[in-house]
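Worksheet for the structure shown next.
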Amino acid sequence: MRFYGVNAFSTTPFGGNPATVLLMEGPADESWMRRVGTEFNQPVTAFVWPESDDDGYGLRWFSPTTELPLCGHGTLAAAHVLWENEVVPADQRITFHTKAGPLTVHQEDGQTWMRLPAVELVEATAPDGLLDALGVPDAVWFGLSEHDFVVELDSPEAVERLRPNFVRLRDFPVLRVNVTAQGGTDGADFTSRVFAPNLGINEDHVTGSTHCALGPLWTRRLGRSPLSARQASSRQGRLSVVHSDDQADHADHVLLGGQALTTYTGQLHITP
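Numbering (the numbering used here), first residue to last: 1451 to 1722.
In C-alpha coordinates form, the structure reads like this:
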(Lines of atoms letter the chains of each structure in order from A and count residues from 1; the text may use other names and numbers.)
(Lines give C-alpha, C1' and ligand atoms only; values in the text may rest on other atoms or scores of the structure.)
Protein backbone atom coordinates (compact mmCIF):
# COMPACT_ATOMS: atom_id res chain seq x y z
CA MET A 1 0.00 0.00 0.00
CA ARG A 2 1.48 3.33 -1.10
CA PHE A 3 1.77 6.22 1.34
CA TYR A 4 2.72 9.86 0.87
CA GLY A 5 4.18 12.42 3.23
CA VAL A 6 2.67 15.86 2.60
CA ASN A 7 3.28 19.30 4.09
CA ALA A 8 -0.14 20.98 4.12
CA PHE A 9 -0.61 24.76 4.10
CA SER A 10 2.95 25.25 2.86
CA THR A 11 5.00 25.13 -0.34
CA THR A 12 8.38 24.66 1.33
CA PRO A 13 10.00 21.60 2.93
CA PHE A 14 9.74 21.51 6.73
CA GLY A 15 6.88 24.04 6.66
CA GLY A 16 3.15 23.74 7.25
CA ASN A 17 1.58 20.73 8.92
CA PRO A 18 2.81 17.24 8.01
CA ALA A 19 0.36 14.47 7.19
CA THR A 20 0.69 10.91 5.95
CA VAL A 21 -1.83 9.89 3.28
CA LEU A 22 -2.58 6.24 2.51
CA LEU A 23 -4.39 5.36 -0.73
CA MET A 24 -6.43 2.21 -0.11
CA GLU A 25 -8.66 0.04 -2.26
CA GLY A 26 -11.50 0.17 0.26
CA PRO A 27 -12.33 0.96 3.89
CA ALA A 28 -10.39 -0.75 6.65
CA ASP A 29 -11.11 -1.82 10.20
CA GLU A 30 -11.02 1.09 12.64
CA SER A 31 -8.62 -0.60 15.04
CA TRP A 32 -6.16 -1.20 12.17
CA MET A 33 -6.30 2.44 11.08
CA ARG A 34 -5.81 3.57 14.66
CA ARG A 35 -2.71 1.38 15.04
CA VAL A 36 -1.28 2.58 11.73
CA GLY A 37 -1.84 6.19 12.82
CA THR A 38 0.09 5.45 16.01
CA GLU A 39 2.87 3.80 14.00
CA PHE A 40 3.35 6.77 11.67
CA ASN A 41 3.18 9.16 14.67
CA GLN A 42 2.34 12.16 12.49
CA PRO A 43 -0.09 14.92 13.50
CA VAL A 44 -2.55 13.08 11.27
CA THR A 45 -2.68 9.98 9.10
CA ALA A 46 -5.37 10.22 6.42
CA PHE A 47 -6.93 7.06 4.98
CA VAL A 48 -8.50 7.49 1.53
CA TRP A 49 -10.40 5.02 -0.64
CA PRO A 50 -12.79 5.20 -3.63
CA GLU A 51 -16.47 4.82 -2.78
CA SER A 52 -18.10 2.02 -4.73
CA ASP A 53 -21.48 3.70 -5.22
CA ASP A 54 -20.39 7.11 -6.59
CA ASP A 55 -17.37 9.09 -7.78
CA GLY A 56 -16.38 10.31 -4.32
CA TYR A 57 -13.83 9.08 -1.79
CA GLY A 58 -14.04 7.87 1.75
CA LEU A 59 -11.78 9.71 4.20
CA ARG A 60 -10.91 9.25 7.87
CA TRP A 61 -8.25 10.93 9.98
CA PHE A 62 -6.26 9.57 12.93
CA SER A 63 -3.81 11.31 15.23
CA PRO A 64 -1.25 9.17 17.10
CA THR A 65 -3.82 8.61 19.86
CA THR A 66 -7.36 8.99 18.49
CA GLU A 67 -9.67 9.45 15.50
CA LEU A 68 -10.37 13.08 14.64
CA PRO A 69 -13.92 14.32 13.98
CA LEU A 70 -12.63 16.78 11.33
CA CYS A 71 -9.19 17.60 9.97
CA GLY A 72 -8.57 20.40 7.48
CA HIS A 73 -4.88 19.79 6.80
CA GLY A 74 -5.51 16.05 6.41
CA THR A 75 -8.23 16.82 3.86
CA LEU A 76 -5.94 19.18 1.94
CA ALA A 77 -3.16 16.57 1.93
CA ALA A 78 -5.51 13.83 0.70
CA ALA A 79 -6.80 15.96 -2.19
CA HIS A 80 -3.24 16.99 -3.10
CA VAL A 81 -2.17 13.33 -3.37
CA LEU A 82 -5.16 12.38 -5.55
CA TRP A 83 -4.51 15.25 -7.97
CA GLU A 84 -0.72 15.03 -8.02
CA ASN A 85 -0.78 11.31 -8.83
CA GLU A 86 -3.50 11.78 -11.48
CA VAL A 87 -5.96 9.57 -9.64
CA VAL A 88 -8.36 12.47 -10.14
CA PRO A 89 -8.02 15.02 -12.98
CA ALA A 90 -6.67 18.36 -11.75
CA ASP A 91 -9.77 20.26 -12.91
CA GLN A 92 -12.21 17.92 -11.16
CA ARG A 93 -13.77 18.60 -7.77
CA ILE A 94 -13.36 15.91 -5.14
CA THR A 95 -16.08 14.96 -2.68
CA PHE A 96 -14.86 13.25 0.48
CA HIS A 97 -17.38 11.27 2.51
CA THR A 98 -16.46 11.67 6.17
CA LYS A 99 -18.01 11.31 9.62
CA ALA A 100 -18.39 15.11 9.56
CA GLY A 101 -20.44 14.84 6.35
CA PRO A 102 -19.51 15.38 2.69
CA LEU A 103 -16.55 17.75 2.11
CA THR A 104 -15.90 19.22 -1.33
CA VAL A 105 -12.46 20.31 -2.50
CA HIS A 106 -11.37 22.07 -5.69
CA GLN A 107 -8.38 23.91 -7.16
CA GLU A 108 -8.52 27.55 -8.22
CA ASP A 109 -5.92 30.30 -8.70
CA GLY A 110 -3.07 28.11 -7.50
CA GLN A 111 -4.75 27.14 -4.24
CA THR A 112 -6.73 24.18 -3.01
CA TRP A 113 -10.07 25.25 -1.54
CA MET A 114 -11.99 23.17 0.98
CA ARG A 115 -15.64 23.72 1.91
CA LEU A 116 -15.89 22.79 5.59
CA PRO A 117 -18.68 23.19 8.16
CA ALA A 118 -18.55 26.48 10.07
CA VAL A 119 -18.19 26.12 13.83
CA GLU A 120 -20.16 28.44 16.10
CA LEU A 121 -18.44 29.75 19.22
CA VAL A 122 -20.33 30.56 22.40
CA GLU A 123 -18.94 33.34 24.60
CA ALA A 124 -18.21 32.10 28.11
CA THR A 125 -15.97 32.56 31.12
CA ALA A 126 -12.59 30.86 30.94
CA PRO A 127 -12.48 27.89 33.32
CA ASP A 128 -10.38 28.16 36.45
CA GLY A 129 -6.73 27.47 35.80
CA LEU A 130 -6.80 27.76 32.00
CA LEU A 131 -5.11 31.15 31.71
CA ASP A 132 -2.51 30.09 34.29
CA ALA A 133 -1.80 26.96 32.24
CA LEU A 134 -1.29 29.16 29.18
CA GLY A 135 0.92 31.54 31.16
CA VAL A 136 -1.13 34.69 30.56
CA PRO A 137 -2.68 37.03 33.16
CA ASP A 138 -5.91 37.70 31.29
CA ALA A 139 -7.74 37.37 27.99
CA VAL A 140 -9.64 39.80 25.75
CA TRP A 141 -12.33 37.21 25.03
CA PHE A 142 -13.08 33.53 25.64
CA GLY A 143 -15.38 31.22 23.71
CA LEU A 144 -16.00 27.53 23.34
CA SER A 145 -17.36 25.04 20.84
CA GLU A 146 -18.26 21.38 21.15
CA HIS A 147 -14.62 20.29 21.03
CA ASP A 148 -12.45 23.38 21.60
CA PHE A 149 -11.65 26.45 23.66
CA VAL A 150 -10.78 29.77 21.96
CA VAL A 151 -8.80 32.40 23.86
CA GLU A 152 -8.29 35.86 22.34
CA LEU A 153 -5.24 37.87 23.44
CA ASP A 154 -4.47 41.53 22.82
CA SER A 155 -1.70 41.13 20.22
CA PRO A 156 -0.10 38.58 17.89
CA GLU A 157 3.15 39.08 19.82
CA ALA A 158 1.43 37.84 22.98
CA VAL A 159 0.29 34.75 21.06
CA GLU A 160 3.81 34.07 19.82
CA ARG A 161 5.33 34.46 23.30
CA LEU A 162 3.15 31.75 24.85
CA ARG A 163 4.91 28.91 26.69
CA PRO A 164 2.04 26.74 27.93
CA ASN A 165 2.16 24.10 30.64
CA PHE A 166 1.01 21.12 28.58
CA VAL A 167 0.58 18.84 31.59
CA ARG A 168 -1.95 21.27 33.04
CA LEU A 169 -3.69 21.77 29.68
CA ARG A 170 -4.44 18.04 29.60
CA ASP A 171 -6.75 18.57 32.57
CA PHE A 172 -9.29 20.41 30.41
CA PRO A 173 -11.81 18.16 28.58
CA VAL A 174 -11.36 19.57 25.07
CA LEU A 175 -9.51 18.47 21.96
CA ARG A 176 -7.76 21.82 21.37
CA VAL A 177 -7.02 25.11 23.07
CA ASN A 178 -6.85 27.76 20.35
CA VAL A 179 -5.23 31.11 21.11
CA THR A 180 -5.66 34.00 18.66
CA ALA A 181 -5.22 37.74 18.17
CA GLN A 182 -5.91 40.32 15.50
CA GLY A 183 -3.11 41.12 13.04
CA GLY A 184 0.22 39.47 12.35
CA THR A 185 3.31 39.55 10.17
CA ASP A 186 3.25 39.64 6.36
CA GLY A 187 -0.21 41.17 6.22
CA ALA A 188 -2.04 38.52 8.23
CA ASP A 189 -5.49 39.57 9.41
CA PHE A 190 -5.23 37.32 12.45
CA THR A 191 -2.72 35.03 14.11
CA SER A 192 -3.26 31.83 16.07
CA ARG A 193 -1.59 28.94 17.83
CA VAL A 194 -3.24 25.61 18.63
CA PHE A 195 -2.40 23.36 21.58
CA ALA A 196 -3.74 19.79 21.58
CA PRO A 197 -2.03 17.63 24.24
CA ASN A 198 -5.21 15.55 24.58
CA LEU A 199 -4.68 14.49 20.94
CA GLY A 200 -1.07 13.55 21.62
CA ILE A 201 0.17 16.79 19.99
CA ASN A 202 1.42 19.53 22.30
CA GLU A 203 1.22 22.14 19.54
CA ASP A 204 -0.40 21.54 16.18
CA HIS A 205 1.53 23.18 13.37
CA VAL A 206 -1.31 24.40 11.10
CA THR A 207 -4.91 23.49 11.88
CA GLY A 208 -7.55 23.77 9.18
CA SER A 209 -10.47 22.75 11.40
CA THR A 210 -9.64 25.45 13.96
CA HIS A 211 -10.21 28.06 11.25
CA CYS A 212 -13.77 26.80 10.81
CA ALA A 213 -14.36 28.66 14.10
CA LEU A 214 -11.75 31.42 13.84
CA GLY A 215 -12.79 32.35 10.30
CA PRO A 216 -16.38 33.30 11.21
CA LEU A 217 -15.19 34.95 14.44
CA TRP A 218 -12.70 37.26 12.74
CA THR A 219 -14.93 37.88 9.70
CA ARG A 220 -17.52 39.35 12.06
CA ARG A 221 -14.95 41.27 14.08
CA LEU A 222 -13.20 42.79 11.06
CA GLY A 223 -16.26 43.12 8.83
CA ARG A 224 -14.66 41.73 5.70
CA SER A 225 -13.88 38.55 3.78
CA PRO A 226 -11.66 36.90 2.57
CA LEU A 227 -9.09 36.97 5.36
CA SER A 228 -5.43 35.96 5.52
CA ALA A 229 -4.61 33.76 8.51
CA ARG A 230 -1.22 32.92 9.99
CA GLN A 231 -0.58 30.07 12.40
CA ALA A 232 2.56 30.92 14.38
CA SER A 233 3.91 27.46 15.18
CA SER A 234 7.58 26.56 14.71
CA ARG A 235 6.78 25.36 11.16
CA GLN A 236 4.52 28.31 10.27
CA GLY A 237 1.54 28.17 7.94
CA ARG A 238 -0.75 30.44 5.93
CA LEU A 239 -4.40 30.01 5.04
CA SER A 240 -7.02 31.98 3.15
CA VAL A 241 -10.44 32.06 4.83
CA VAL A 242 -13.79 32.96 3.26
CA HIS A 243 -16.99 33.24 5.30
CA SER A 244 -20.10 35.41 5.00
CA ASP A 245 -23.28 35.39 7.06
CA ASP A 246 -25.01 37.23 4.21
CA GLN A 247 -24.43 34.61 1.51
CA ALA A 248 -26.55 31.49 1.75
CA ASP A 249 -23.79 29.38 0.21
CA HIS A 250 -21.30 30.30 2.94
CA ALA A 251 -23.49 31.00 5.99
CA ASP A 252 -22.99 27.55 7.48
CA HIS A 253 -19.67 26.78 5.82
CA VAL A 254 -16.15 28.14 5.60
CA LEU A 255 -13.91 28.04 2.55
CA LEU A 256 -10.29 27.40 3.47
CA GLY A 257 -7.57 27.87 0.87
CA GLY A 258 -3.99 26.63 0.99
CA GLN A 259 -1.22 24.82 -0.81
CA ALA A 260 0.66 21.57 -0.21
CA LEU A 261 3.94 19.82 -1.03
CA THR A 262 4.77 16.10 -1.16
CA THR A 263 8.04 15.46 0.69
CA TYR A 264 8.36 11.65 0.64
CA THR A 265 6.67 8.46 -0.53
CA GLY A 266 6.88 4.84 0.60
CA GLN A 267 5.29 1.42 0.75
CA LEU A 268 3.39 0.07 3.76
CA HIS A 269 3.85 -3.69 4.08
CA ILE A 270 1.01 -4.14 6.55
CA THR A 271 -2.40 -4.93 5.10
CA PRO A 272 -5.78 -4.39 6.79
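C-beta: ideal position from N, C-alpha, C; glycine also.
Residue i - DSSP class collapsed to helix/strand/coil
i     : result
G1593 : strand
E1489 : helix
A1710 : strand
R1452 : strand
F1640 : strand
E1536 : coil
T1657 : coil
V1586 : coil
H1530 : helix
Neighbour flag for residue i against chain C, beta carbons, 8 Å
i     : result
A1638 : Chain labels in this structure do not include chain C; a single protein chain is all it has.
Identity of the residue in the options nearest residue i by Cα
i     : options                    : result
A1646 : P1493, L1571, M1483, F1592 : P1493
L1553 : G1508, N1491, T1657        : G1508
P1722 : Y1454, A1458, S1460, S1481 : S1481
A1608 : A1529, P1587, D1654, V1569 : P1587
V1627 : D1639, T1635, L1603        : L1603
V1498 : E1489, N1491, H1530, P1514 : H1530
Q1561 : A1710, D1479, Y1714        : A1710
Alpha-carbon spacing of residue i relative to residue j, whole angstroms
i     : j     : result
T1641 : N1457 : 20 Å
V1629 : S1460 : 21 Å
C1521 : G1633 : 24 Å
A1550 : D1639 : 28 Å
One or two residues paired with residue i in a DSSP bridge
i     : result
D1598 : R1626
L1566 : V1704
- Task: Say whether the stretch 1667 to 1681 touches the stretch 1532 to 1546, bearing in mind that this needs 3 or more beta-carbon pairs closer than 8 Å, one atom from each stretch.
- Result: no
- Query: Would you say the stretch 1701 to 1710 touches the stretch 1519 to 1534, given that touching needs at least three Cβ pairs under 8 Å?
  - Reply: yes
- Segment contact, 8 Å Cβ cut-off, at least three pairs: the stretch 1674 to 1688 with the stretch 1541 to 1550: no
- Three or more C-beta pairs closer than 8 Å, one from the stretch 1567 to 1586 and one from the stretch 1610 to 1628: is that the case here? yes
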